[in-house]
């Protein structure tokens with residue numbers, strides 16, 4: 044019984060160590076790239092700039108949409124926040140040298 048528990052713990056440790064770390068970034072949206080999907084624009088990447096002027100590009104996971112995180116995050120909605128200069132928070136993972144968005148929030152109000 045103890046041997047089974049040790050094996051299970053080792054397997055869980057191995058699995059969790061293989062997971063990518065997550066990071067966060069806050070800033071204003073400087074640019075958004077979109078692709079046409081079923082005749083509608085959907086965001087494929089977002090460029091943020093932080094308070095120090097550092098720019099960072101974040102991408103949507105291949106085969107996914109920003110709307111998968113929150114249905115309100117359409118291209119036009121995010122673009123309106125970009126034009127208003129509102130700050131956003133992005134939680135992301137680094138996968139194959141790309142910053143892949145895991146979570147996306149507008150700071151100052153909820154969606």
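Numbering (my numbering), first residue to last: 44 to 154. Ideal Cβ placement from N, Cα and C applies to all residues, glycine included.
From the options, residue whose alpha carbon lies closest to that of residue i
i, options, result
"residue 113", "145, 92, 64 and 77", "145"
"residue 118", "80, 94, 93 and 95", "80"
"residue 97", "64, 69 and 107", "69"
"residue 91", "84, 106, 74 and 82", "74"
Beta-carbon separation (whole angstroms), residue i vs residue j, contact threshold 8 Å
i, j, result
"residue 86", "residue 77", "5 Å"
"residue 132", "residue 150", "6 Å"
"residue 147", "residue 109", "6 Å"
Beta-carbon proximity of residue i to residue j, cut-off 7 Å
i, j, result
"residue 71", "residue 126", "no"
Identified DSSP bridge partners for residue i
i, result
"residue 99", "91"
"residue 77", "86"
"residue 147", "133"
"residue 66", "135"
Contact test: residue i Cβ vs the ligand ATP heavy atom, cutoff 6 Å
i, result
"residue 65", "Absence of the ligand ATP is noted for the structure shown, with no ligands found whatsoever."
Problem set entry | Three-pair Cβ contact test at 8 Å for the segment 128-145 versus the segment 87-103 | Under the three-pair Cβ rule at 8 Å, the segment 128-145 counts as touching the segment 87-103.
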